[in-house]
Amino acid sequence: MFEIVKKSKKNRARLGKMSVSHGFFNTPVFMPPGTLATVKAIGPDDLKLLEAEIILVNAYHLHLRPGEKLIHDLGGVHKFMAWPSPILSDSGGFQVWSLAQAKRGNSNLVKVTDDGVKFKSPLDGSSIYITPEKSVEIQHTLGTDIVMCFDECLSDKASHAQAVRSLERTNQWALRCVKRHLELLKNPMYTKYQPKLFGIIQGGIYADLRREAVSYLSELPFDGLALGGETIGYNMPKTLELLDEIKDMIPEKLPLYTMGLGASPQDAIDVVKRGVDMFDCVNPARIARHGQLYNGRIVVNKTEIKIDSEFKGDCLRILNERFKKDSKPIDEDCDCYTCSNFSRAYLRHLYLNQETLYLRLATIHNLRYMIRLIHALREKI
RNA sequence: GGAAGCGUGGCGGAGCAGUCAAUCGCACCAGACUGUAAAUCUGGCGGCCUAAGGCCUACGUAGGUGCAAAUCCUGCCGCUUCCA
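Every letter in the first sequence is one number past the one before it in the working numbering, and letter 166, counting from 1, is 313.
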């Protein structure tokens with residue numbers, strides 16, 4: 148269940164507490180994605196030190212390898228990855244879109260019908276068929292705490308007519324997910340997990356469709372709602388606009404989750420103000436691995452929280468020659484393991500030499516930065 | 001002492017008369033990344049001019065042949081291998 152602890156007087160931000168099978172997490176919360184049952188480059192011990200409260204895994208990826216049944220037989224995903232705290236699983240809906248984008252390799256990896264989605268495994272080319280029911284089953288079998296509906300992630304470029312059709316499909320799928328979810332909650336094979344189910348609001352860039360989605364999903368017995376689609380987090384001005392459009396329609400008692408949002412610290416600030424309780428993004432960890440590290444003082448004044456950094460985009464590129472002899476930590480205010488012990492010059496050295504320690508230290512920093520920011524935001528509410 | 005071969009941009013290594021400021025790899029420099037097909041991908045990488053484009057200096061070194069040379073010839077310097 149979701150409990151609102153405190154509401155901001157100045158904006159829609161709120162402090163909350165969400166209880167699930169494996170304990171609880173406070174909101175607002177940043178959830179590091181750990182797609183393949185691991186947050187890349189770091190371990191559960193690191194995650195605890197970062198004060199991560201909940202992480203993500205992905206139903207599609209774990210279905211492909213090693214298979215949800217194997218994980219179930221080994222005691223569930225928490226035990227499998229030695230993370231005892233809450234886990235949210237994504238449904239694989241995003242992968243339909245992501246694989247169809249085919250930024251690399253061949254493009255015929257996905258075929259969508261109203262019934263479900265046929266994937267070609269990028270691993271070995273074999274066919275996989277996922278329906279909304281199947282996705283929910285996979286997630287229940289994994290034993291995660293929050294199950295996401297299988298949705299159709301809509302492109303930012305979709306026309307209104309395309310978006311209408313896609314939304315219809317997503318909404319139908321949501322209904323099918325609910326049905327199967329309710330069945331599985333009573334199924335003796337799964338009863339020990341009792342996960343929550345979140346619905347996903349689609350509708351692309353169109354406010355009328357987003358509103359329609361909210362109104363449809365609000366009638367279903369969800370434990371939370373999420374905003375999905377390419378737009379969310381990717382096109383921040385539009386995301387904020389859409390949030391404002393639907394704010395009065397979202398049932399207050401449900402946590403609100405913006406999927407894939409949090410590419411930069413500033414995005415987190417913008418969205419929490421508008422009442423978002425949960426968000427996740429691969430970006431902080433990915434750009435860390437790719438050499439970009441968050442930097443900037445988190446300035447809390449009377450009216451707002453902002454980031455004050457000398458670097459473009461509030462992050463520095465550790466590869467840049469200017470850091471060759473730099474003895475300072477990545478961020479002088481940061482309390483993470485990396486900043487407490489290592490210089491920019493050392494991290495640059497590790498990066499240049501492709502030393503694996505770099506990946507861990509960089510990931511620790513960027514994730515901790517996001518979480519420190521969230522803590523500052525919570526204080527402010 | 002004799003014989004053969006080789007010297008190309010930070011490194012390795014193509015090119016063997018014109019389309020060569022010189023393929024490619026590494027290194028280096030810069031950029032991108034958003035419910036992770038991502039320890040990935042893209043671009044730049046002799047100098048000067050704002051750019052299309054142009055100019056200059058460059059393939060060990062000094063000369064030579066040719067309309068034209070990194071590419072052919074000669075001397076020198078250096079390196080490698082084989083024989084004594």
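Idealized CB from N, CA, C, for every residue including glycine.
Taken in chain order, the complete beta strand (DSSP E) segments of 3 or more residues contained in the region 364 to 426 are 371 to 374 and 403 to 405. In the structure shown, the three-state DSSP call for Y441 is strand.
Contact between the region 404 to 417 and the region 213 to 224 is absent: fewer than three C-beta pairs spanning the two stretches fall below 8 Å.
In the three-state reduction of the DSSP assignment, L331 falls in the helix class. Assignment of S313 by DSSP, reduced to helix, strand and coil, places it in the helix class. Within the region 180 to 205, the runs of alpha helix (DSSP H) at least 4 residues long that lie entirely inside it are, in chain order, 191 to 197.
Straight-line measurement puts the Cα of M178 at about 11 Å from the Cα of R515.
The Cβ atoms of L322 and E284 do not sit closer than 9 Å to each other. For the pair K400 and H512, the Cα-to-Cα distance works out to about 33 Å.
For V224, the uninterrupted alpha helix (DSSP H) run begins and ends at V224 to M228, by DSSP.
Assigned with DSSP and collapsed to three states, T510 falls in helix.
Taking 9 Å as the cut-off, the beta carbon of K195 is found no closer than this to the beta carbon of T510. Nearest in C-alpha terms to I202, of all of H208, I189, R212 and P180, is P180.
DSSP places R495 within a helical segment (H, G or I) once states are collapsed to three.
S313 and G222 have their alpha carbons spaced roughly 37 Å apart.
Put simply, of M228, L197 and E198 the residue whose alpha carbon is nearest the alpha carbon of V204 is M228.
Cβ neighbours of D480 within its own chain (closer than 8 Å, five residues either side excluded): R444 and I445.
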